[in-house]
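Here is the structure we will look at.
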Amino acid sequence: MRLEPAAADWTFTRTVAGVAVLCRYAAAHGLDARRCLSGTGLDPEQLADPDREVTAAQELRVVRTLRRELGEVGLAVGATYSASTFGAFGYAVQSSRTVLDAMATAAHFIDLSFAFALPRAEVAGERVVVEHDGTGLPRDVRRFLLERDAEAVRRVLDGLVPGGVGAVLEVSGDRASVVFEADQLDRPLPDRSAEGLRTAEAVCRDVVDRRRARTGLAADVRVLVTQRLRDGAPMPDVAAALGWTERTQRRRLAQEGVGYRELVDEVRSSMAAALTARRATLPVADLAARLGYASAPAYLHARARWDR
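With our numbering, the residue at position 187 of the sequence shown is 324, and numbering never jumps.
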């Protein structure tokens, strides 16, 4: 048995919940949220929004602040994670039939986690080894991320079944392993539910399909546009958030075959569809404001263009 993560690397889009976990740990140790979020472009009020997405770079900025202010606390942060930390992704894992099925589900939807050191699992003799390779992580926060992510995996695994699976964390240099006996793989999960799993997987597929449709720079730009949409998502602001000039951003997006306006329209149309699908429909003027339009007619004109 060998399980490979669906994501190729750690640069995928994440929910703000991962940043919220870091900020809660920081607050418990005297570091307030505004200081924790410094340089990210995020506000503390946004941490409670379950639909808000952030770039990997934004979460990484918070990690750097925690390490600078609190030291190498990756293990301690990782100890605060459980399956429920990860929303629908965590619920899908908990609803799986066995420990092995839960691990396969986690590998398939790994880009719905907050991981940087992506786990790879295999059976080696009588043991299961979940390997985390930190060599591709930024050197200044490598130890923090490696220990946090490996400890989080250990905690989630041990939380799947009563008494845990006996997982042990081993860290050596730029690698960390979570190890347990292979006979634990067939243990049934107490919260297993075929219906619950189908529901959770449907939610997870909807999110990953949308995220995987855009990767690389285009994915990050979409996230930053969404965060700034009420202000019209001006291109200079998004470019500055990425540390680039407008010209550089335009050139990099062109290399990926997409334009900035196209991405803004994608975000607006998808948000409009989600908002208008709700039972309590927003007034057109309010909807236009949420999407960053100066007036209701401007929004209606754009909507007509999307529908053509």
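For glycine and all other residues, C-beta sits at the position ideal for the given N, C-alpha and C.
Query	Result
Taking the alpha-carbon of P371 as reference, which of D323, Y430, A239 has the nearest alpha-carbon?	Y430
In the DSSP assignment, find the beta strand (DSSP E) that holds R257 and state where it starts and stops.	256-261
Grouping DSSP H, G and I as helix and E and B as strand, with all else coil, what is F317?	strand
Give, in chain order, every unbroken run of the beta strand (DSSP E) that is at least 3 residues long and sits entirely within the stretch 282-319.	305-309, 312-318
Since V153 contacts E190 with CB under 8 angstroms, what's their CB separation in whole angstroms?	7 angstroms
Is it buried or exposed for V358, if we count other Cβ within 10 angstroms and need 16 for buried?	buried
Do L354 and R312 have their C-beta atoms within less than 9 angstroms of each other?	no
In angstroms with no decimal places, state the Cα-to-Cα distance between A258 and R139.	6 angstroms
In whole angstroms, what is the alpha-carbon distance linking V360 and D320?	42 angstroms
Whole angstroms is fine: what's the gap from R151's alpha carbon to S432's?	31 angstroms
To the nearest angstrom, report how far apart G215 and A441 are at their CA atoms.	48 angstroms
Check P181 in the structure and name its three-state DSSP category.	helix
Pull the bridge partners of V214 from the DSSP assignment, please.	Bridge partners of V214: none, in fact.
Excluding the 5 residues preceding and the 5 following V293 in the sequence, name in chain order all residues of the same chain whose CB lies nearer than 6 angstroms to its CB.	A220
Identify the continuous beta strand (DSSP E) that holds R367 and give its terminal residues.	That residue, R367, is in no beta strand (DSSP E); it is neither H nor E in DSSP.
Counting beta carbon pairs with one atom in the stretch 197-205 and one in the stretch 157-177, are three or more of them shorter than 8 angstroms?	yes
Classify D169 as buried or exposed, calling it buried when 16 or more other Cβ atoms lie within 10 Å of its own Cβ.	exposed
Could you tell me the alpha carbon to alpha carbon distance between G333 and R279, rounded to whole angstroms?	36 angstroms
I need the boundaries of the beta strand (DSSP E) containing E268, first residue and last residue.	264-270
Roughly how many angstroms lie between the CA atoms of W381 and A391, to the nearest whole one?	15 angstroms
Are at least three pairs of beta-carbons, each pair with one atom in the stretch 295-315 and one in the stretch 257-272, less than 8 angstroms apart?	yes
Give the DSSP-derived three-state secondary structure of R349 in the structure shown.	helix
Determine the contact status of S188 and L326, defining contact as a CB-CB distance below 9 angstroms.	First, the amino acid is wrong: residue 188 is Asp here, not Ser. Taking 9 angstroms as the Cβ cut-off, D188 and L326 do not qualify as a contacting pair.
With a cut-off of 8 angstroms on the beta carbons, I'd call A499 and E338 a contact; round off their distance for me.	Residue 499 lies beyond the range of the chain shown here (138 to 445); nothing can be said about it.
Mind checking H245: buried by the 16 CB within 10 Å criterion, or exposed?	buried
Identify whether L140 lies in helix, strand or coil by the three-state DSSP scheme.	strand
Below 8 angstroms on the Cβ atoms is my contact criterion, and I expect F281 with G211 to pass it. Report the Cβ-Cβ distance as a whole number of Å.	4 angstroms
Kindly identify the DSSP beta-bridge partner or partners of P325.	T235
Buried or exposed, going by whether 16 or more other CB atoms sit within 10 Å of the CB of S233?	buried
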